[in-house]
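Student: Can you read through this structure? Questions will come right after.
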Amino acid sequence: MKSFITLISTVAAASITVAAPITTATDFTYCADNSTLKLSGLTFQPDPIVPGQKVCVTVDATLSQPITKGSTIEVAASIFGIQAYSFTMDLCKALSNVNVACPIAQGSSTVNKCITVPKWIPSFTIDIKAHAKNPDGTDIICIKA
């Protein structure tokens, strides 16, 4: 479960954070217009992800405002429109799993993370929403996949 949360955080936070249930690298949209983190590249290898196998995620992102300690990420998973799982965690702690330390200065970066996708990841569609915020409530990123 820790590696699953790390991957979600990798894609979502994009340093990063984010998500085994995303089946292809292009299956996401922004859900906040004022995000300070913009993804310029997101690739999975292999694409699509295969449960039980290793996947490597590469995220290219540009951050217009720093990410500070105390930032959080909220992730919710829905199946057939019904919320099946959600959690909120410290974003900096999640990012430490991919060797990114807070505070994170503005600028562009690329982060790579490889994990083994749990075999229990279902083959049907799971909708994910990941929303990261700074301690003052400003949006870092919000994506839906």
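Going by mature numbering (1 follows the signal peptide of the UniProt record, and there is no 0), the letters in the sequence shown line up with residues -19 to -1, 1 to 126, in that order. Backbone N, C-alpha and C define an ideal beta-carbon position, used for all residues, glycine too.
Report buried or exposed for Cys73, applying the criterion of at least 16 other Cβ atoms within 10 angstroms of its Cβ.
Tutor: Locating residue 73 in the sequence shown gives position 92, where the first residue counts as 1. Cys73 is buried by the Cβ-count criterion.
Student: Just to confirm, are Asp41 and Ser59 a CB contact at a threshold of 8 angstroms?
Tutor: Against the sequence shown, residue 41 aligns to sequence position 60. Against the sequence shown, residue 59 aligns to sequence position 78. Contact flag unset, no.
Student: Can you tell me which of Leu23, Asp28, Gln34 and Pro29 puts its alpha carbon nearest to the alpha carbon of Lys100?
Tutor: Locating residue 100 in the sequence shown gives position 119, counting from the first residue. Among Leu23, Asp28, Gln34 and Pro29, the Cα nearest to that of Lys100 is on Gln34.
Student: Looking at Ser16: is its Cβ nearer than 8 angstroms to the Cβ of Cys123?
Tutor: The count along the sequence shown starts at 1 and reaches residue 16 at position 35. The count along the sequence shown starts at 1 and reaches residue 123 at position 142. Yes.
Student: With a Cβ-Cβ cutoff of 8 angstroms, do Lys125 and Ile109 count as a contact?
Tutor: On the sequence shown, residue 125 is found 144 positions in, with the first residue counted as 1. On the sequence shown, residue 109 is found 128 positions in, with the first residue counted as 1. A contact, by the Cβ cut-off of 8 angstroms.
Student: Does the beta-carbon distance from Ile63 to Ala113 come in below 8 angstroms?
Tutor: On the sequence shown, residue 63 is found 82 positions in, with the first residue counted as 1. On the sequence shown, residue 113 is found 132 positions in, with the first residue counted as 1. Contact: no.
Student: Within a Cβ cutoff of 7 angstroms, which residues of the same chain sit near Gln87, ignoring the five residues on either side of it in sequence?
Tutor: Taking the sequence shown and counting its residues from 1, one reaches residue 87 at position 106. So the qualifying residues of the chain are Leu44, Ser45, Gln46 and Pro47.
Student: Ends of the beta strand (DSSP E) at Ser90?
Tutor: The residue labelled residue 90 in the question sits at position 109 within the sequence shown. Run containing Ser90: Gly88 to Thr97, per the beta strand (DSSP E) assignment.
Student: Is the beta carbon of Val36 closer than 8 angstroms to that of Ile96?
Tutor: Stepping through the sequence shown from its first residue, residue 96 is reached at position 115. Stepping through the sequence shown from its first residue, residue 36 is reached at position 55. Yes; because the gap between Cβ atoms is below 8 angstroms, this pair is in contact.
Student: Relative to the C-alpha of Asp117, which residue among Gln26, Gly51 and Leu18 is closest?
Tutor: As a position in the sequence shown, residue 117 is number 136, starting the count at 1. Ranking Gln26, Gly51 and Leu18 by Cα distance to Asp117 puts Gly51 first.
Student: Less than 8 angstroms separating the beta-carbons of Val81 and Val98?
Tutor: To locate residue 81, count along the sequence shown from 1; it is residue 100. To locate residue 98, count along the sequence shown from 1; it is residue 117. Contact flag unset, no.
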